[in-house]
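One structure is given here, and the rest of the page talks about it.
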Amino acid sequence: MNIAIIGTGISGLTCAYRLHQEHEVTLFEANDYIGGHTATVDVTLDGKEYAVDTGFIVYNDRTYPNFMQMMSEIGVEGIPTEMSFSVRNDANGLEYNGHSLSNLFAQKRNWLNPKFYSFILEILRFNKLAKEFADQDIDADSTLGEFLEEHTFGDYFCDNYILPMGAAIWSSTLADMRGFPLRFFLQFFLNHGLLDIKNRPQWYVVKGGSRAISTRLRKASKTTLD
485 MNIAIIGTGI SGLTCAYRLH QEHEVTLFEA NDYIGGHTAT VDVTLDGKEY
535 AVDTGFIVYN DRTYPNFMQM MSEIGVEGIP TEMSFSVRND ANGLEYNGHS
585 LSNLFAQKRN WLNPKFYSFI LEILRFNKLA KEFADQDIDA DSTLGEFLEE
635 HTFGDYFCDN YILPMGAAIW SSTLADMRGF PLRFFLQFFL NHGLLDIKNR
685 PQWYVVKGGS RAISTRLRKA SKTTLD
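Just so we're aligned: 612 in the working numbering is position 128 of the sequence shown, and the numbers increase by one with no gaps anywhere.
Following this line, the structure appears as structure tokens:
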């Protein structure tokens with residue numbers, strides 16, 4: 485069968501890779517590059533070259549099993565990395581990192597700051613509530629902001645944790661995050677282990693940058709590109 489695939493993002497390239505053994509596949513791409521969301525930039529620093537991903541950056545071993553299997557098939561390696569979240573708020577002077585206890589209390593004064601302990605309790609309360617609601621039939625029109633208001637989460641928690649974290653993930657503003665679809669937000673955080681303090685998934689970056697996936701898939705699929 486002759487099959488046309490429009491677009492050379494990860495979906496198009498994967499389809500071409502899976503179909504090419506039994507069919508004649510032609511890829512169509514409007515851009516002058518393949519890869520879609522993948523965007524690897526070569527940066528030289530102190531005489532050493534780095535492949536920096538600015539589109540697709542990381543994946544994990546919990547929610548990407550098929551992706552990891554495909555990478556193994558085409559000979560692309562992953563490198564273990566850390567996924568952490570840091571905040572520096574110049575407006576109120578707060579600074580912390582959630583990777584470890586010492587990083588959480590990077591500002592030593594927070595050891596004696598009741599407001600900071602309340603902040604941590606709010607994080608734990610949000611995680612617990614989010615897990616309870618993630619599997620429920622949430623109205624498609626419900627927003628994150630409505631959820632935060634309904635469950636009385638304060639501005640300190642919202643502006644220094646959940647809203648900036650969402651904004652960092654989706655390249656959004658804090659204001660726009662309040663209007664973010666609640667159902668998608670909770671499912672995403674649940675699936676990616678962002679509601680857990682322990683037993684989080686192992687994250688990886690692609691060795692050589694994410695363009696290595698596009699290049700290998702294109703080569704392995706042996707398809708015509710138009």
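Quick reminder that beta carbons are idealized off the backbone N, C-alpha and C, glycines included.
Just to confirm, are residue i and residue j a CB contact at a threshold of 8 Å?
i, j, result
"Gly496", "His521", "no"
"Val536", "Thr524", "yes"
"Leu679", "Asn594", "no"
"Asn581", "Ala575", "no"
"Met567", "Trp687", "yes"
"Thr565", "His676", "no"
"Phe433", "Met649", "Given that the chain is displayed from residue 485 to residue 710, the structure contains no residue 433 and the question cannot be resolved."
"Ala651", "Leu658", "yes"
Could you tell me if residue i is buried or exposed, where buried requires 16 or more neighbouring beta carbons within 10 angstroms of its beta carbon?
i, result
"Met485", "exposed"
"Leu632", "buried"
"Ile563", "exposed"
"Ala488", "exposed"
"Ala500", "buried"
"Phe512", "exposed"
"Ile697", "buried"
"Ile490", "exposed"
"Arg578", "Reading off the sequence shown, one finds Leu at residue 578, where the question assumed Arg. The residue in question, Leu578, is buried, as its Cβ has 16 or more Cβ neighbours within 10 Å."
"Leu647", "buried"
Which residue wins for smallest C-alpha separation from residue i, given the options the options?
i, options, result
"Pro549", "Pro685, His507 and Ala500", "Pro685"
"Asp710", "Glu533, Asn576, Gly531 and Asp516", "Asp516"
"Val711", "Val690, Ala618, Arg700 and Arg702", "Beyond the ends of the chain as shown, which are 485 and 710, falls residue 711; an answer cannot be given."
"Thr699", "Ala514, Glu579, Leu670 and Ile518", "Ile518"
"Leu701", "His635, Thr492 and Ile487", "Thr492"
"Phe617", "Phe668, Glu513, Tyr501 and His507", "Phe668"
"Ala704", "Leu578, Gly559, Gly638 and Leu674", "Gly559"
"Leu605", "Ser556, Gly638 and Lys592", "Gly638"
"Asp621", "Asp574, Gln671, Ala590 and Asp660", "Gln671"
"Met555", "Phe512, Thr498, Ile653 and Leu613", "Thr498"
"Lys682", "Leu608, Lys706, Ile646 and Glu634", "Leu608"
"Glu634", "Ile494, Ala624, Ile653 and Leu613", "Leu613"
"Glu557", "Arg502, Ser586 and Leu585", "Arg502"
"Arg695", "Asp623, Ser656 and Glu561", "Glu561"
Tell me, to the nearest whole angstrom, how far the beta carbon of residue i is from that of residue j; I am working on the premise that it is less than 8 Å.
i, j, result
"Thr627", "Pro665", "7 Å"
"Gly629", "Arg662", "3 Å"
"Thr510", "Thr708", "5 Å"
"Asn544", "Asn644", "Incorrect: roughly 25 Å between the Cβ atoms, too far for contact."
"Lys706", "His504", "6 Å"
"Phe641", "Phe603", "6 Å"
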